[in-house]
Every structure is written in C-alpha cells, then in structure tokens.
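Asks: Residue numbers (the UniProt record's numbering), protein chains in the order written: chain A, 1 to 194; chain B, 1 to 194; chain C, 1 to 194; chain D, 1 to 194.
Encoded as structure tokens, here's the structure I'll be asking about.
Protein chains: 4
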Amino acid sequence: MSSTSQPRRGNTRQRIQDVALELFAEQGYEKTSLREISEKLDVTKAALYYHFKTKEDILVSIFEDLNRPVTDVIAWGREQPRTLETKKEILARYSEALTKAAPLFRFMQENQATVRDLSIGATIKDRVLGLVDLIKDPDAPLTDQVRCLSAIFTLHAGMFGLKDIDGDAEDKRKAVLEVAVDLVTRAHDPGADR
Amino acid sequence: MSSTSQPRRGNTRQRIQDVALELFAEQGYEKTSLREISEKLDVTKAALYYHFKTKEDILVSIFEDLNRPVTDVIAWGREQPRTLETKKEILARYSEALTKAAPLFRFMQENQATVRDLSIGATIKDRVLGLVDLIKDPDAPLTDQVRCLSAIFTLHAGMFGLKDIDGDAEDKRKAVLEVAVDLVTRAHDPGADR
Amino acid sequence: MSSTSQPRRGNTRQRIQDVALELFAEQGYEKTSLREISEKLDVTKAALYYHFKTKEDILVSIFEDLNRPVTDVIAWGREQPRTLETKKEILARYSEALTKAAPLFRFMQENQATVRDLSIGATIKDRVLGLVDLIKDPDAPLTDQVRCLSAIFTLHAGMFGLKDIDGDAEDKRKAVLEVAVDLVTRAHDPGADR
Amino acid sequence: MSSTSQPRRGNTRQRIQDVALELFAEQGYEKTSLREISEKLDVTKAALYYHFKTKEDILVSIFEDLNRPVTDVIAWGREQPRTLETKKEILARYSEALTKAAPLFRFMQENQATVRDLSIGATIKDRVLGLVDLIKDPDAPLTDQVRCLSAIFTLHAGMFGLKDIDGDAEDKRKAVLEVAVDLVTRAHDPGADR
DNA sequence: GATGAATGAGCTTTCATTCAT
DNA sequence: CATGAATGAAAGCTCATTCAT
C-alpha cells in the first residue's frame, strides 16, 4: 500500500507552488487554469483550495517566498552609505537574487499587465523603484538618472534577452552585471571619462 | 438627423481598433473581453465579427498597421553601411517609431506571455532580434554585445519606466536616446575611453 | 469587361439551389450555413435573401422542383388498376425518379430528424405513405404488408448502401429493383411459391 | 428530507444520458442544446461538463453503452459456421438488440448526416458492414447480395416505418424478422423456388 | 439584382469557486 | 487532507436575418 502513488508527505503546498510557478512562467497567469495545475499534480481542484484561498493567493504566496532576497537587498542597501561601492554591491546582489528566482522574475516580466492589478502589483513597483532610488541621485542630470534606470533594466533584460547569444550562462550574467556597473559608475561620477 | 442611432458610418473598423488597443493596453489582452469593446463602441459583439475574424485578428490588424514604421527602420538599416553613424540613426529612428505607437508597444511590453504564442509572437521576436543584429557585432566581446542589447532595452524601458521621474516627455526621450547612443558608441569603439 | 466574373445571367437562383443542395447533402442541413453557400457562390449572404425568404425556403424550393417526378408517379399510380403489373411499373418509375434526383433523396435520408419538422416534413411522409398504399393491401397478412414496405425501403437503401459492393451503377440499380419487384410480387400473390 | 434541492444523488451521469438520448432522438442532435438538457434535469450547463468533456462525448458515451449488444452479435456471428441457421440466428439477435435500444437506433437512423462525421461515424458504418458481411456471400449474384442488404435495412425500417400499420408491436417485429429471414433464405439457397 | 453593415439570440465551452462529506 | 459534485458568470464565436443604399 505504499507504491505507485505520490510521496505522501505534507509537502503538497510546496508542490502546488512549484507546479503553479512553472506553468505561470510558461504560459502566463491567465492562461493557466487551476484545472491544469491540479491535473499535473494529480489532485483535485478542491485540494488547491484546501491549501490556498484563491488562485491569486497561490501567486502571492510564491511571490512572498521568492521575493525575500530582493527585499533583503533593498533593506541592506538602505543602511549603507550611498557610495559607488555600495551601489556596485547592490547591483551584484540584485543580479544574484534575480538569477536564483529566475522563473518568478521571468513570469513577472512577461505578465506585467496581469500582475499590475493583482495585490502584489504595488509591491513590485515599489521594489523596483526602491532599488532605483538607492542607486540614482534625484538631483543628477536626467541622462544620469536614465543610466541608473537602464542599469536595473539591463539586469532584467539579461535574464531573457541573451538566449540567442551563445556563451556560458554565468559568463553572460557577469557581462550583464559589468555593463550595469559601468552605467552606474558613469552616472555616479559624471564627467569622469567623457 | 444627427442624434439617436448613429448612421452607421464607415469608420467602424477603425474605431474598433482604437478602442481595442486602448483597452488591451490598459487591462491586458486576456482581461479585455469583446463584450467590453463592443459596449464601449455601442455596437453588438457580432458587429466586431463582421469586421474581424477573431479576437486575435483584431490585435494582429492593429499590430500590422502600427508596426510598419519599425519594419521600415530595420529595412532601411539593412541597406546602410554598418558605421557608427548608421547605428545612431537607427536608434534615433527606432526611438521615434516607438514613441509614435506608444500604446501598442506598451501593450506588447506588458503582455509578452500572451503575445508570445499569438501569431504575431514570432514577428515581434524577429523584429527585436533584427534590430539588435544591425547594431551589435557578433565577434565583439560579450560585454559589448550586452551593451547593444541594453541600448535597445533602454529605449523600451524609457517608455514606461520614467513616469516617476519628472521632466518634459520629450526631454526624457532625448535623455534615453542619449544613453542608448552612448552604450552603442562604447560598444562600437571599445577601449576608446577605458 | 466580360471576363473573370461569373456567368452574369439571371441564373443566380438556380446556382444557389445547386450549391445549397450539394452542401446540404454533403454536410447536412444544420451544418451548412448561409455564409458557406454564399462564399462558394461568391456572392453575399444578403443576395441569398433576395432570391429566397429564408434558409428553409431554399430547401423547400429545391424539394418542390426535384420532387415533382415522384409526385407524378403517385398521381399516375392512383389512376391505374391495382394489378401486379401496375405495382411493378410504380416501382420501376419510382426507382428512376430516385436515381435522377439522388442528391436530394440522399439528403432526405440522412437528415430525417431535421426535415421532419420543416414544412416539407409532412409532405415527405405523405409521399412515402402514398406510395406504400398503392402497393400494399391493408387486408393482407402483416408479413406481406411488411414486404411492401421493405420493397420501398430497399429502393431507398439501394442508393447508398451499395457503395461497398462493386459493380456498375446501373447494374446495381436493376438488381435492387428486381429484389423490390420480387418482394411485391410475393406480397401480391401469397402462397405462389411457398 | 426529500423535497427542495434534491440531495445530489450519484446518478446524475446516467440521468444526463437518459435525457440527452430522449431529446436527441426527438429533435435531433444539433437542435438539442445543452441548455435544454440541463434545464430538463434541473442542473446547470456546467454540471454537464463535470460529467462529460463535450456535447459529442455525451452522445459517444450513450452509444458505447447501448451499442454493446450489437457488437456482441457480430462477435458471436464471426465464430459460427456460415450456415443458413447461423444467419437466421444473427438476424433474430440483431432484431432483438435493435428493439432494446430503439431510441438510440432511431436517433442514428434519423441523424445520419450528423453522426457521419462524429467520432462514432466510422464505428457505425463498420458495424452495419460487418453484419452484412456475415450474411452475404461476396461471390453470389448481385441480386442475392442486395437481398441480404435489404434484409438488414428491413430490420432497420421496421423500427419506425410501421407506426401507421396497426397491430401489436411484438407481432410487427416478428413479421419484419420473418421477411428478413425470408430474404436471406432466398439469397442463401438461390434457385430454390424460382 | 445585389451589397455593406449590423443585430439578437443562441451556442458550446471554460473558469474560479463552494461545500457537504 | 482531500474529493465529488455542482454552480454562476462569463467568454469567444456563429447564425439566420434585416434593411438602407
């Protein structure tokens, strides 16, 4: 009586999150139905409702779990002096955080319209804005402010836009980080090399 | 004779496209129903089907109309010498094209997951790749290739990521373009100032 | 100015009937839409409404045109003496009428449920009953009455049920007729060869 | 505890099949909507989709359940010697099978055009052809092959074509069977009484 | 003799969600 | 810890039909 069936431990909640994220990232949030998730898990739809209150709640819980590292980076950044060194370190940590929870961030990137008016929407926006604020100087020339924004978006873009360039994944990540760091450096210390 | 039950003018097709794009951009493709579109136009859903074969077809038709300028930029770029001047001009033209059809590109940015497996998905990917190819040198160091990618994505990001920075819209556009040009310049002529 | 387009004569009504019957027989009445008919004819749906009042009206008109021969057979039969010779002749004429308007009768055979509550439904039933009445003797033993019914249905079945038997179409028709005649003969003159 | 809002018994699936078959037979497949079925059952349309994947699936499930006896007759026939006795027995068993699932077969008879391109279409054709093959000799004269076909169609026709002849239902069935047997007998042993 | 534009009703299907067991 | 059965709402889509031009 202990064969064929699933690993009967209390890890169902986790499994739901895993499968859900996989499908959300692959197909988008709206196009993924609870039926699909439950079938892939070989449980009933009702089982999902035992573990989560709504479909949105599944996504929120995933987000809350995986977004922690990013929150941490921001929290950490807020307590550091606003030096160039700090900014570089923020980028490095953010890059790493993104990489670790790549499927979630890919999902968020590709489902902005959906995510925007879900409850996490505001959170996400705040997060990115918080990051940018740590890096850019509101009194700097517009161009330099754009550079900082661009640095963050470069990290984002680096996660998906490089599939068609060949090279080792880690190498690519480093190159992306380097470009971002470069942008922020130029923004931080304008005139340095122009 | 200009009131109640407006006299079926011949511009319905255009009006459908306008309203649809507006709603698609605002709420996302999936969350915009044909009922919503038709109600806003004060026609029946069936009327939409007189003008378009499917919901997707509405989007495709909008895309085909508004994407033309971008196609043109790529076509033009392909026939120019691959000089730095050309690259700058491409960025400038692309920036302008994006601005002119901002709602469409905002929509595409925020609905990537959806758009990906619609029929226009491939077209879009090709378009961006085509642009990047015009700008980057496949034999350049990875970092410089990333710079080119980053330049394009900076233009994209500039359309929505700057709402929280104040300043005149046109000023911002120029700043964004300047950063993009700078990135490409550094990629084109590496070592210049490092 | 007289090339590419359709044979611009006033034969549209006829062409509609032809195409409609073809599609009705092929796909069934309900599954054939007016859009399909009009597209195949390269006219608009509205054009169909110029020539016919409703979809049903198209079918009715076809029926009225093609059913005439059968009506004639019955009318003729009613004025003949009720001899075996007459019955044989009725079967022969009916067989011929069926063959000539095969698509219509195939259609009616395969769409009984539909046709039943169309306005022609009653007509059709009357027609078959009328035929059977000409052939069977209401006072004959049940078995012989069934033989007469069977004779008629054999003619019907012969139109479609023989596709998997090989042989010349006309040969098959004759064989079918022979069996039908035989059935009626046995019913007419019971005990003859038993 | 037996009134209002009946206590969701476990027989809903069966009830759906019953009501569906009733309506399909009465009005035809296309003209019967799921709304109609669900209203007659006092459940929602969505409930139907809990039990069946599609409208077609409802029909298929009915067919699979009720067609079994016919399949059995053919299977049985295939293992018997091809004697006249066997053939008679096949007809008898087939007649009985038809009678027991009369509504289904009435439906199939009257909705051939519809059923033809549903997934059961091929099955049905094979079934009739299988039966005919058990009875007719492919080397016999064409007329005798027709007799066999006619025998089978006589059984079919007997189910609906006799409503206007009075007499006890079982008597009529026997008469029909007798005529069919007679046809096959004459086909099996040609020349006997001609 | 036809078309262009539209409608109203209806269809099959899908979805997130609920709740008694 | 989960299921079986069901719901209410809505979606995308198709159809026969109408009517001014």
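Don't be surprised by glycine CBs; every beta carbon is placed ideally from N, CA and C.
As the structure is a computational prediction, the values presented were derived from the model and not from experiment.
Would Ile-16/B and Leu-48/B be called neighbours here (beta carbons separated by less than 9 Å)?
Replies: Yes.
Asks: What's the C-alpha gap between Leu-134/C and Arg-78/D?
Replies: Taking the straight line joining both Cα atoms gives about 40 Å.
Asks: Taking the straight line between their C-alpha atoms, what separation do you get for Arg-186/A and Glu-110/B?
Replies: Approximately 29 Å, taken between the alpha carbons.
Asks: Using DSSP with H/G/I as helix, E/B as strand and the rest coil, what is Phe-107/A?
Replies: In the structure shown, Phe-107/A sits in a helix (DSSP, three-state: H, G or I).
Asks: Classify Val-128/B as helix, strand or coil using the three-state DSSP reduction.
Replies: Val-128/B falls in the helix class under three-state DSSP.
Asks: For Gly-77/D, does the three-state DSSP call read helix, strand or coil?
Replies: If DSSP states are grouped into helix, strand and coil, Gly-77/D belongs with the helices.
Asks: Can you name the residues of chain C whose CB is closer than 7 Å to the CB of Ser-150/D?
Replies: Under the 7 Å cutoff, chain C gives Ser-150, Thr-154, Ala-157, Val-179.
Asks: Where do the N-terminal and C-terminal ends of the alpha helix (DSSP H) with Gly-158/B fall, by residue?
Replies: Per DSSP, Gly-158/B belongs to the alpha helix (DSSP H) from 142-158.
Asks: Mind checking Ser-95/B: buried by the 16 CB within 10 Å criterion, or exposed?
Replies: So Ser-95/B ends up on the buried side.
Asks: Starting from residue 206/A, find everything on chain B with Cβ-Cβ shorter than 7 Å and list it in chain order.
Replies: A question about residue 206/A goes unanswered here, because the residues of chain A that appear run from 1 up to 194.
Asks: Kindly list the residues whose CB is nearer than 6 Å to the CB of Ala-151/C, restricted to its own chain and excluding five residues on each side of it in sequence; keep chain order.
Replies: Correct list, in chain order: Ala-180, Leu-183, Val-184.
Asks: According to the neighbour-count rule (16 or more other Cβ atoms, all chains shown, within 10 Å of its Cβ), is Asn-11/B buried or exposed?
Replies: Asn-11/B should be labelled exposed.
Asks: So which residues of chain D does Thr-54/C contact, with C-beta pairs closer than 7 Å?
Replies: Neighbours of Thr-54/C on chain D: none; closest Cβ ~16 Å, over 7 Å.
Asks: Looking at Lys-40/C: is its Cβ nearer than 9 Å to the Cβ of Pro-69/C?
Replies: Cβ distance not < 9 Å, so Lys-40/C and Pro-69/C don't count as in contact.
Asks: Please confirm if Asp-139/C has its CB atom under 9 Å from at least one CB of chain D.
Replies: Chain D, which has no Cβ nearer than 9 Å to the Cβ of Asp-139/C, makes this no.
Asks: Report all residues from its chain with a CB closer than 7 Å to the CB of Ala-175/B; omit the five preceding and five following residues, and keep chain order.
Replies: Around Ala-175/B: no qualifying Cβ.
Asks: Give the residues of chain D in contact with Arg-147/C, contact being defined as C-beta atoms less than 7 Å apart.
Replies: Val-179, listed in chain order.
Asks: Considering Cα atoms alone, identify which of Arg-82/A, Asp-144/A, Ile-165/A, Leu-149/A is closest to Ala-140/B.
Replies: That would be Ile-165/A, whose Cα lies nearest to the Cα of Ala-140/B.
Asks: Grab me the residues of Val-132/D's own chain with a C-beta within less than 7 Å of its C-beta, minus the 5 sequence neighbours each way, in chain order.
Replies: Closer than 7 Å at the Cβ level, and outside the excluded window around Val-132/D, lie Cys-148, Leu-149, Ile-152.
Asks: So, for Phe-52/C: in the same chain, excluding its five sequence neighbours on each side, which residues have a beta-carbon less than 6 Å away from its beta-carbon?
Replies: Closer than 6 Å at Cβ, skipping near neighbours: Ile-58.
Asks: Does Lys-88/C have its Cβ less than 9 Å from a Cβ in chain D?
Replies: No, its Cβ sits nowhere closer than 9 Å to a Cβ of chain D.
Asks: Grouping DSSP H, G and I as helix and E and B as strand, with all else coil, what is Pro-7/C?
Replies: Residue confidence for Pro-7/C is low, a pLDDT of 49 falling below 50, so the modelled location carries little weight; the figure read from the coordinates is stated next. Pro-7/C: coil per DSSP, three-state reduction.
Asks: Under the three-state reduction of DSSP, which class applies to Pro-138/D: helix, strand or coil?
Replies: The answer is coil: DSSP assigns Pro-138/D none of H, G, I, E or B.
Asks: Report the residue ranges of all beta strand (DSSP E) runs contained in full by the UniProt domain "HTH tetR-type" (10-70) of chain C; include only those spanning at least 3 residues, in chain order.
Replies: None, since the UniProt domain "HTH tetR-type" (10-70) of chain C contains no complete beta strand (DSSP E) of that length.
Asks: I'd like to know if Leu-129/C contacts chain D, where contact means its C-beta is closer than 9 Å to some C-beta of that chain.
Replies: Leu-129/C counts as touching chain D.
Asks: Of the choices Lys-55/A, Ala-97/A, Leu-91/A, whose alpha-carbon is the least far from that of Lys-31/A?
Replies: Of the candidates Lys-55/A, Ala-97/A, Leu-91/A, the one whose C-alpha sits nearest the C-alpha of Lys-31/A is Lys-55/A.
Asks: Leaving out five residues on either side along the sequence, give the residues of the same chain with a beta carbon under 6 Å from the beta carbon of Lys-87/A.
Replies: Counting only Cβ-Cβ distances below 6 Å, and skipping sequence neighbours, we find Ile-135, Val-184.
Asks: Return no unless some Cβ of chain D is closer than 9 Å to the Cβ of Ala-169/C.
Replies: Cβ-Cβ to chain D under 9 Å: no for Ala-169/C.
Asks: Starting from the C-beta of Gly-158/C, find all residues in its chain whose C-beta is less than 6 Å away, skip the five residues before and the five after it, and write them out in chain order.
Replies: Excluding positions up to five away in sequence, the list reads Val-176.
Asks: Rounded to whole angstroms, what's the CA-CA distance from Glu-64/D to Ala-20/B? Just pull it up for me.
Replies: Straight-line Cα distance between these residues: approximately 46 Å.
Asks: In terms of residues, what are the limits of the alpha helix (DSSP H) holding Asp-168/C?
Replies: That residue, Asp-168/C, is in no alpha helix (DSSP H); it is neither H nor E in DSSP.
Asks: Taking 9 Å as the threshold (beta carbon to beta carbon), is Phe-107/C in contact with chain D?
Replies: With 9 Å as the cut-off, Phe-107/C counts as an interface residue toward chain D.
Asks: DSSP on Gly-161/A, reduced to helix/strand/coil?
Replies: Correct three-state label for Gly-161/A: coil.
Asks: So for Leu-183/D, helix, strand or coil by DSSP?
Replies: Three-state DSSP puts Leu-183/D in a helix.
Asks: Just mark Thr-45/D as buried or exposed, buried being the case when its beta carbon has 16 or more other beta carbons within 10 Å.
Replies: A quick correction: the sequence has Lys, not Thr, at residue 45/D. Lys-45/D comes out exposed.
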